[in-house]
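Enquirer:
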Amino acid sequence: MLSVLNIGKAYANRVLFSNLSFKIDARDRIALIGANGSGKTTLLDILAGEASPDSGQIFKQRNVTIGYLKQDIRPSSEKQLLQEVLSATAAINTRAHRITVIQEALSEKNGEDDHEKLLRELGVLQSAHEAAGGYDVEHEAKAILSGLGFKQEDFHRPLSDFSGGWLMRAALSRLLLVRPDMLLLDEPTNHLDIEACVWFEKYLAAYRGTVIVTSHDREFLNRVVRKVLSIEPGEVIQHRGNYDEYLIAREQELETKQSAAIRQEKEIQREMLFVDRFRFKATKARQVQSRLKHIEKIQRIALPRATKKIHFSFPEPPRSGKEAISLKHVDKSYDTHVVYRDLNLVLERDLTAPVRRLCSRYWPGYCPSNMANV
Ligand SMILES: Nc1ncnc2c1ncn2[C@@H]1O[C@H](COP(=O)(O)OP(=O)(O)OP(=O)(O)O)[C@@H](O)[C@H]1O
Ligand SMILES: [Mg+2]
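The working numbering applies: residue 66 is where the sequence shown begins, and numbers increase by one.
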């Protein structure tokens, strides 16, 4: 479906990846993982044709359609929700419009010749429309919107009414309705609650196209993907299996490499010891030369550069009063849209005590011991 051949990309001398090659087949389920800033979005941009690699090539089969859900969604339309989602299927909409126009023309009973011609065109359009699922498109749009958590009364609200998280769900709905051959999804789960996520996973399981997805949600990845592409410092690792399987394989590979590197280091030290000892002894000159050559020939085992780990701790805050935060009769609205009405809330100092009590009662053994005090 799509092949990536020896591509490389760097920004301001920082190499994100180089000589990267992989193939994407129909129905693949691929997780693209890596630390923040490792280049996941950049690679998706390249696959979507929105950025170019510095070197290498991308080969895409003709007619393969790609849909890309971006990490940052900005509202770009003044349309209503359902209208916006339906507008994604422009070809289907144009055809639907033409069908209506022909049907109206036929009902007005024009001249005989024209009538025959219109009937033929109508037949062709109707078959194409049915094949593309055109008659069900509004029904499907509503099913997707509902699956992703929108309510019936949201369908005709303007997009400008929705928060960033809901705009992302709207963009995702638009994409799913078009059913592209390849779905590129950059952090789709960031704004989904559990219910929407469960629906989305089921949808993806039945999806007939390819899915390439980045997510920090480990369980989601485990359930959805069957291949992993991991952008690590200095290399991109490709693995068949889900995320946990990748982690296990990676750990084992690292252990094997580390033991081999230790063995290799010992071998080099042994040889060096011999060289140092007999370096000035004429009778051993030939052996010393051959040991030096041997050392030179040894292909050093490269251990992966460890990803940076950050250690930090919160400083002890000054002791607050008993009520750290209290909200009394708080209202908040955006024009006519009421977000809170008469909200009352008290957060007390050392909230951990009641939480710990609840925890030890319902989930003994899982009680966090290091919760910070408010
Ligand atoms: N247009 C650009 N110009 C310069 N640097 C860029 C550009 N786009 C991305 N970068 C840099 O390239 C690196 C990779 O960015 P990218 O957004 O691809 O990472 P990511 O893996 O998607 O990160 P995150 O997990 O935070 O989404 C970052 O250091 C970023 O600052
Ligand atoms: Mg990103």
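Every residue gets a Cβ at the ideal spot worked out from N, C-alpha and C, and that includes glycine. The structure presented is a predicted model; accordingly, all values stated were derived computationally and were not measured.
Hey, quick one: how far does the beta strand (DSSP E) through Phe274 stretch, first residue to last?
Expert: The sequence given here has Gly at residue 274, not Phe. First-last for Gly274: undefined, no H or E at that position.
Enquirer: Beta carbon of Asp282: closer than 7 Å to some heavy atom of ligand 2?
Expert: Checking every heavy atom of ligand 2 against the Cβ of Asp282, none is found closer than 7 Å.
Enquirer: Kindly indicate which three-state DSSP category Ala437 falls into: helix, strand or coil?
Expert: The predicted position of Ala437 is uncertain, since its pLDDT is 41 and thus under 50; no value can be drawn from it.
Enquirer: Once DSSP output is grouped into helix, strand and coil, what is the label at Lys397?
Expert: Strand at Lys397.
Enquirer: Counting only runs of 4+ residues fully inside the stretch 76-106, write out the alpha helix (DSSP H) ranges in chain order.
Expert: As far as the stretch 76-106 is concerned, it has no whole alpha helix (DSSP H) run of at least 4 residues.
Enquirer: Please give me, in chain order, every unbroken run of the alpha helix (DSSP H) with length at least 4 that falls completely inside the stretch 324-401.
Expert: Those alpha helix (DSSP H) runs which fall completely within the stretch 324-401 and span 4+ residues are 350-362.
Enquirer: In whole angstroms, what separates the C-alpha of Val439 from that of Leu412?
Expert: Unreliable positioning characterises Val439 in this predicted model, as indicated by a pLDDT of 35, which lies under 50. A coordinate reading is not provided.
Enquirer: Comparing alpha-carbon positions, which option in His162, Gly132, Gly104 lies nearest Gln191?
Expert: Of the listed residues, the one whose Cα sits closest to Gln191 is His162.
Enquirer: Three-state secondary structure (DSSP) at His281?
Expert: Three-state DSSP puts His281 in coil, outside helix and strand.
Enquirer: Give every residue of the same chain whose Cβ lies closer than 7 Å to the Cβ of Cys262, excluding the five residues on either side of it in the sequence, and list them in chain order.
Expert: Excluding positions up to five away in sequence, the list reads Thr254, Phe285.
Enquirer: Only counting the same chain, and skipping five residues up and downstream in sequence, which positions put a Cβ closer than 6 Å to that of Leu85?
Expert: Ile72, Val301.
Enquirer: Within its chain, find whatever has a CB closer than 7 Å to the CB of Val395; leave out the 5 residues flanking it on each side and keep chain order.
Expert: Tyr405, Leu408, listed in sequence order.
Enquirer: Take the Cβ of Ile209 as the centre, count every other Cβ of all protein chains shown within 10 Å, and call the residue buried at 16 or more, exposed below.
Expert: Classification for Ile209: buried.
Enquirer: Mind reading off the beta-carbon distance from Glu252 to Gln136? Whole number of angstroms is fine, and I expect it under 8 Å.
Expert: Rounded, the Cβ-Cβ distance is 5 Å, consistent with contact.
Enquirer: Tell me whether Gln354, by its Cβ, gets closer than 7 Å to a heavy atom of ligand 4.
Expert: Annotation note on ligand 4: not contained in the displayed structure, which lists ligand 1 and ligand 2 as its ligands.
Enquirer: Do Phe87 and Gly104 have their beta-carbon atoms positioned less than 8 Å apart in this structure?
Expert: Cβ atoms of Gly104 and Phe87: not closer than 8 Å.
Enquirer: Quick one: grab the DSSP three-state call for Asp309.
Expert: In the structure shown, Asp309 sits in a helix (DSSP, three-state: H, G or I).
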